[in-house]
Amino acid sequence: MIDRPLELLSQNTDADLDPRDWDALRSLGHRMLDDMVDHLRDLRQNPVWQPIPPTIRERLRQPLTVEGEDPGALYQRFRDDILPYGTGNTHPRFMGWVHGGGTPLGMLAEMLAAGLNANLGGRDHAPIEVERQVIRWAADAFGLPKTAGGLLVTGSSMANFIAVLMARGAALGAAARRDGLGGARLTAYASAGVHRCVPDALDMAGIGSDALRLIPVDATFAMDTRALATAIAEDRAAGAVPFLVVGTAGSVDVGAFDDLTAIADLAERERLWFHVDGAFGALVALSPTLSPKVAGMDRARSIAFDFHKWAQVPYDAGCILVRDEADQIATFAAPSAYLTPGARGLSANAPWPCDLGPDLSRGFRALKVWFTLQAFGTERLAAVAERSCSLAGHLAARVEAEPELELLAPVPLNIVCFRYRAPPAQADALNTAIVADIQEAGLAAPSTTLIGGAVAIRAAFVNHRSRAEDADALVAGVLAAGRALVQNPLP
Numbered sequence: 008m009i010d011r012p013l014e015l016l017s018q019n020t021d022a023d024l025d026p027r028d029w030d031a032l033r034s035l036g037h038r039m040l041d042d043m044v045d046h047l048r049d050l051r052q053n054p055v056w057q058p059i060p061p062t063i064r065e066r067l068r069q070p071l072t073v074e075g076e077d078p079g080a081l082y083q084r085f086r087d088d089i090l091p092y093g094t095g096n097t098h099p100r101f102m103g104w105v106h107g108g109g110t111p112l113g114m115l116a117e118m119l120a121a122g123l124n125a126n127l128g129g130r131d132h133a134p135i136e137v138e139r140q141v142i143r144w145a146a147d148a149f150g151l152p153k154t155a156g157g158l159l160v161t162g163s164s165m166a167n168f169i170a171v172l173m174a175r176g177a178a179l180g181a182a183a184r185r186d187g188l189g190g191a192r193l194t195a196y197a198s199a200g201v202h203r204c205v206p207d208a209l210d211m212a213g214i215g216s217d218a219l220r221l222i223p224v225d226a227t228f229a230m231d232t233r234a235l236a237t238a239i240a241e242d243r244a245a246g247a248v249p250f251l252v253v254g255t256a257g258s259v260d261v262g263a264f265d266d267l268t269a270i271a272d273l274a275e276r277e278r279l280w281f282h283v284d285g286a287f288g289a290l291v292a293l294s295p296t297l298s299p300k301v302a303g304m305d306r307a308r309s310i311a312f313d314f315h316k317w318a319q320v321p322y323d324a325g326c327i328l329v330r331d332e333a334d335q336i337a338t339f340a341a342p343s344a345y346l347t348p349g350a351r352g353l354s355a356n357a358p359w360p361c362d363l364g365p366d367l368s369r370g371f372r373a374l375k376v377w378f379t380l381q382a383f384g385t386e387r388l389a390a391v392a393e394r395s396c397s398l399a400g401h402l403a404a405r406v407e408a409e410p411e412l413e414l415l416a417p418v419p420l421n422i423v424c425f426r427y428r429a430p431p432a433q434a435d436a437l438n439t440a441i442v443a444d445i446q447e448a449g450l451a452a453p454s455t456t457l458i459g460g461a462v463a464i465r466a467a468f469v470n471h472r473s474r475a476e477d478a479d480a481l482v483a484g485v486l487a488a489g490r491a492l493v494q495n496p497l498p
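Under this note's numbering, residue 498 is the last one in the sequence shown; the count climbs by one each step, no gaps.
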């Protein structure tokens, strides 16, 4: 309990923002920590997700105060208005999108990083060495050579963007940083199931999203490599400059894997930058059982993935790995008098992270990754991925055993796409409504996607807390919601 008035925490009248009473702040901090530990411990007793009431939404849209408010009162507002209405991805029945569940240890590491308040843009300090160690661990796990480099970034969207910029420079040379495309008509290639961030990256890089050729997929939802070879040949004949091929390791819709070895062979023959978008699927490399799915990934020139998915690091913690750090330096290093590394003092320790990516101001993301990897080890993290896939198999079997349900896609990894059977004219609206009803009831949080043009209920198992009983609860919820909607059709 707080043993002194919280108003003693209010800021001083001058520019010093530290508390007047450090013990009162300590008491408030202990209360916050205790409450959040209890929250994570008791997740199963709470709804997965619940809508924000209009009154609370209105409070969260009020203008900023001029005078400031008491920290204790602000914390109470957090408990009342924010904590109950999060995304729900910490909950074991959150299955809608590929979100990791986080860990209590990661939460504590975030607190430590915030207390240190380090800027990892550059200079010579231990947090940068922690990030370099994390990058080295990841590069080793994925089989990249000692020349490899990388950075922690917000997520795979930024990591894929960085890869596009490096591939552009490799194709056009250093002048591209100054002159842009110079009239070159670059073309890139990815499967039809590629994540939307890849065309977005081409857009942001000034190449244009229309430069991305979407290659058809086969029955397993993997890229048709013969069609890829044909598309490259046709573009070369038309005067275009093929420069990048993106292999997908774990597609967003169904968890499919492209044949990375075949793509690596083709990229080598055609002199293309071979990039792997492995946002969550790349981490199967940690599992002896699952790692054959990413055979060939070790030949990539760059790999994008997220620690905040299967590795369960709190958001955000994406990563770009590069086969040769020299490609990062060639793409991003820019001399400036006020950011010149030196041989001694705080300005030593080159190359700085600001020479390896687009950000000058960077938080200490690496600490929560460092804690997570060292505390749990690769075997326990691999076990999380393996159990996720086992749960997907369990759900798929349950779906196939229910006459009212149908499986819409193969289940190569941790994602199950299925639907409640209904006449074609009603099926899409019915399944969309089933998902919304289950979400709003707080029972589970699946999502929807399109498989063959049909709306599918999509369940992705990523959370380390999920168990078979959670998959069973989803099936029961879908059946109950579907039956209710059939009896009381939508208007």
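Where is the CB? At the ideal position from N, CA and C, for every residue including glycine.
For clarity, every value in this text was computed on a predicted model and none was experimentally measured.
- By DSSP's assignment, V224 forms a beta bridge with M230.
- It is roughly 28 Å from the alpha-carbon of A247 to the alpha-carbon of E332.
- In this structure, V137 places its C-beta atom within 8 Å of the C-beta atom of A373.
- A residue is called buried once 16 or more other Cβ atoms fall within 10 Å of its Cβ, and Q52, having fewer, is exposed.
- Along the length of the stretch 283-365, whole alpha helix (DSSP H) runs at least 4 residues long occupy 332-339, reported in chain order.
- In terms of Cα proximity to W56, the closest of A443, I464, L151 is A443.
- Ranked by Cα distance from G200, the first of A208, I222, G113 is I222.
- Contact check between the stretch 91-106 and the stretch 446-460: three or more CB pairs, one atom from each, fall below 8 Å, which counts as touching.
- Secondary structure at T161: coil, using DSSP grouped into helix, strand and coil.
- Taking the CA atoms as reference points, E393 sits about 15 Å from G384.
- The beta carbon of D334 is closer than 6 Å to those of M173 in its chain, skipping five residues each way along the sequence.
- DSSP places F85 in no beta strand (DSSP E); its state is neither H nor E.
- In terms of Cα proximity to A389, the closest of K316, G254, V73 is K316.
- For R426, the uninterrupted beta strand (DSSP E) segment begins and ends at 422-427.
- Linking V482 to L402 through their CA atoms gives a straight-line distance of about 8 Å.
- Of the candidates R38, R48, G262, L67, R38 places its Cα closest to the Cα of G79.
- Within the same chain, Cβ atoms closer than 8 Å to the Cβ of S298 are found at V291, A292, the five residues on either side in sequence being excluded.
- Every unbroken stretch of the alpha helix (DSSP H) spanning 4 or more residues and falling wholly within the stretch 423-465 is given here in chain order: 431-448.
- By alpha-carbon distance to S343, the top candidate from A355, A337, D362 is D362.
- Using a Cβ distance threshold of 8 Å, G113 and F378 count as a contacting pair.
- Here W377 carries a helix assignment [DSSP, helix/strand/coil].
- Residue state for F149 is assigned as coil, using DSSP reduced to three classes.
- Rounded to whole angstroms, E277 and A269 show a C-alpha spacing of 12 Å.
- Taking the C-beta atoms as reference points, A274 is found nearer than 8 Å to F281.
- About 6 Å separates the CB atoms of F371 and L123; that is less than 8 Å, so the two are in contact.
- Apart from the 5 residues on each side of it in sequence, E407 sits with its Cβ closer than 7 Å to the Cβ of L414 in its chain, given in chain order.
- For V259, the closest of V376, A212, N421 by C-alpha to C-alpha distance is N421.
- Annotation for L398: N421, F468, S473, R474, A475, D477, A478 place their beta carbon closer than 8 Å to its own, counting only its chain and skipping 5 residues before and after.
- The beta carbon of T338 sits closer than 6 Å to the beta carbons of L172, M173, G176 from its chain, once the five residues preceding and following it are set aside; these are given in chain order.
- Separation of L179 and R308 (C-alpha to C-alpha, rounded to the nearest whole angstrom) is 16 Å.
- Looking from the CA of A461, the closest CA among A480, L32, D435, R143 belongs to D435.
- Per DSSP, reduced to three states, the secondary structure at S473 is coil, with no helix or strand assignment.
- If you check the CB distance, V224 and P417 do not come in under 8 Å.
- A residue is called buried when at least 16 other Cβ atoms come within 10 angstroms of its Cβ; G75 does not meet this threshold and is exposed.
- By DSSP's assignment, S198 forms a beta bridge with I222.
- In the same chain as I63, and ignoring 5 residues on each side of it, the C-beta atoms closer than 6 Å to its own belong to D88, in chain order.
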